[in-house]
Amino acid sequence: MKSIGTSLIVALSLMAAMPIRAGAQDPASSFDARAAQAVRDDPQAQFVLGSMYYKGSSGTRRDHAMAAYWYRKAAEQGHVKAQVNLGGLYFDGEGVAQDYAEAARWFRKAAEDGAAALAELNLGVMYEHGRGVAPDPAEAARWYGRAAEHGDAQAQHRLGLMYFKGGGVKRDHVQAARWYRAAAAQGNPSAQFHLGSMYLQGQGVPKEPSEAFRLFRGAGGLGHENAQYNLGLMYLNGIGVQKDLDESVRWFRAAAEQKSALGQYNLALMYANGTGVAKNSEEAARLTSLAAHQGLAMAQHNLGIAYISGAGVEKDSAAAVHWFQKAAQQGHARAQFNLAMMYARGEGVARNDALAFEWMQKAANQLPEARQYLDRTRKE
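With mature numbering (1 follows the signal peptide of the UniProt record, and there is no 0) applied, the sequence shown corresponds to residues -24 to -1, 1 to 356, in that order.
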């Protein structure tokens, strides 16, 4: 297998849409006392009772329909947290029929009645993803901005993403860094990762690998798998920190244990080369296989090589062809070259000169070795 040289990850997609709920502030209150107060139309008691039913706490059974009933009672009296949670139930279809429009209505009411950051955040999510409302990036950014100004870390992170990509707002890396920093200061691991990426590349902030490392370390410690992967590479190559192979292995392993394909792939290379760990071809092949099954072209190619050479697995030319094909279809030049050679030799697959030529031509677009092979073939 080749030496480790995978690039650092410096970007992530937007987080998936999900409603955020408010928590009850009085979890120790007895069910009977709260029920009595709720019946007397006490909105706070109704909210707490709804939360008891939602969680199944304080001796109550979990019952989302009853949670919705009591949240609605409180929400109709203007209880902002109940409005947020009722919106969340409609968003998820818990205790009520799923209804994104109704979820948006309650989130909006909470935002307008109480400037609730959670409601503002959730409205931003709904406008960004078109749930219950028409997709509107500008409106999403507006609601994220309100929640961000009210101190919500998730909204600050999402607003940073929008400024970074230019969605709903004019692209502005300085503003992106500002909002990432605000969220990172509150311990948001995704914001720490993204701000670290900006310091790594010098986007909107000075290029400072040591600051990138510090931020990745914070995010990695909170379980952010891409930050963990980046830490592995930084320790491996001495970027922003002194080179340390033990730490590199540690962070690649942490990422791999979270099913990070890149973490699995790089940890496999460490085992294959005996870098920072005892050389272990079987473990290298196992980890490479995990990454390959997740669709990582580099791992698919290396797994094909393992089957050709018998490194950590039994030799199997047909399996090698299978994995070369997978990687080749993703544009991996070396896999295209090796697949062409398998077709040319009839190894692990029926000989097919036409397919051999086709794959070699594809490889030649990126690989000098493939171009040289074609030149020699034409001269023969």
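Note that beta-carbon positions come from the ideal geometry of N, C-alpha and C, so glycine has one too. In this text, all values refer to a predicted model and were calculated from it rather than measured experimentally.
### Query
For residue 160, which residues from the same chain have a beta carbon less than 6 Å from its beta carbon, with the 5 sequence-adjacent residues on both sides left out?
167, 168, 171
### Query
So the alpha helix (DSSP H) residue 298 belongs to, where does it begin and stop?
Its alpha helix (DSSP H) spans residues 293 to 304.
### Query
So, helix, strand or coil for residue 235, using DSSP?
coil
### Query
According to DSSP, is residue 177 helix, strand or coil?
helix
### Task
Grab the span of the alpha helix (DSSP H) containing residue 98 for me, first residue to last.
93 to 105
#### Entry: Three-way DSSP call (helix, strand, coil) for residue 288 in this model
coil
#### Entry: Contacts around residue 116, its chain only, beta-carbon distance under 6 Å, and the 5 residues preceding and following it disregarded
100, 103, 104, 144
### Task
Would you identify the three-state DSSP class for residue 262, choosing helix, strand or coil?
helix
### Message
Using the three-state DSSP reduction, which class does residue 190 fall into: helix, strand or coil?
### Response
helix
### Message
Report the CB separation of residue 253 from residue 297 in whole angstroms; it is logged as a contact under 8 Å.
### Response
Actually they do not touch by this definition, with Cβ atoms about 30 Å apart.
### Query
Is it true that the CB of residue 228 sits closer than 9 Å to the CB of residue 214?
no
### Query
Can residue 73 and residue 85 be called in contact, C-beta distance under 9 Å?
no
### Message
Can you tell me whether residue 340 is helix, strand or coil according to DSSP?
### Response
helix
### Task
Specify, as a first and last residue, the run of the alpha helix (DSSP H) that residue 147 falls within.
Neither: residue 147 is in no alpha helix (DSSP H) and is coded neither H nor E.
### Message
On the DSSP letters alone, give me the boundaries of the alpha helix (DSSP H) that residue 60 sits inside.
### Response
56 to 68
#### Entry: Other residues of its chain near residue 306: CB distance less than 6 Å, five sequence neighbours each side excluded
273
#### Entry: Contact set for residue 314: own chain, Cβ-Cβ below 6 Å, skip 5 residues either direction
300
### Task
Tell me whether residue 24 sits in a helix, a strand or coil according to DSSP, three-state version.
helix
### Query
Comparing alpha-carbon positions, which option in 339, 58, 120, 316 lies nearest residue 328?
316
### Alpha-carbon to alpha-carbon, residue 293 and residue 264
17 Å
### Task
Quick one: residues in its chain with C-beta nearer than 6 Å to the C-beta of residue 134, no 5 flanking neighbours on either side, listed in chain order?
Excluding positions up to five away in sequence, the list reads 120.
### Task
Reducing DSSP to helix, strand and coil, say where residue 128 ends up.
coil
### Query
If you follow the alpha helix (DSSP H) that residue 87 is part of, which residue opens it and which one closes it?
76 to 90
### Query
How big is the Cα-Cα spacing for residue 71 and residue 64?
11 Å
### Query
Can you give the Cα-Cα distance for residue 179 and residue 210, rounded to whole angstroms?
19 Å
### Message
Can you look up residue -11 in the DSSP assignment and give me helix, strand or coil?
### Response
For residue -11, the predicted model reports a pLDDT of 29, less than 50, meaning its position is unreliable and no value from the coordinates is stated.
### Task
Could you tell me whether the Cβ atoms of residue 124 and residue 107 are closer together than 9 Å?
No, these two residues do not count as a Cβ contact at 9 Å.
### Message
Please state whether the Cβ-Cβ distance between residue 283 and residue 236 is less than 9 Å.
### Response
No, these two residues do not count as a Cβ contact at 9 Å.
#### Entry: Per-residue burial, residue 344 [other beta carbons within 10 Å of its own, 16 or more giving buried]
exposed
#### Entry: Same chain, Cβ closer than 6 Å to residue 255, five either side skipped, listed in chain order
none
### Query
In chain order, what residues of the same chain have a beta carbon less than 6 Å from the beta carbon of residue 129, not counting five sequence neighbours either side?
159, 162, 164
### Query
For residue 114, which residues of its own chain have a beta-carbon under 6 Å away from its beta-carbon, when the five flanking residues on both sides are left out?
144
### Query
Using the beta-carbon count (16 or more within 10 Å), is residue 111 buried or exposed?
exposed
### Task
Please list, in chain order, all residues of the same chain as residue 246 whose beta carbon is under 6 Å from its beta carbon, the five residues on each side excluded.
If we look at residue 246 and ignore the five residues flanking it on each side, its Cβ neighbours are 225, 252, 253.
#### Entry: Residue burial classification, residue 49 (beta-carbon count within 10 angstroms, cutoff 16)
Buried is the call here.
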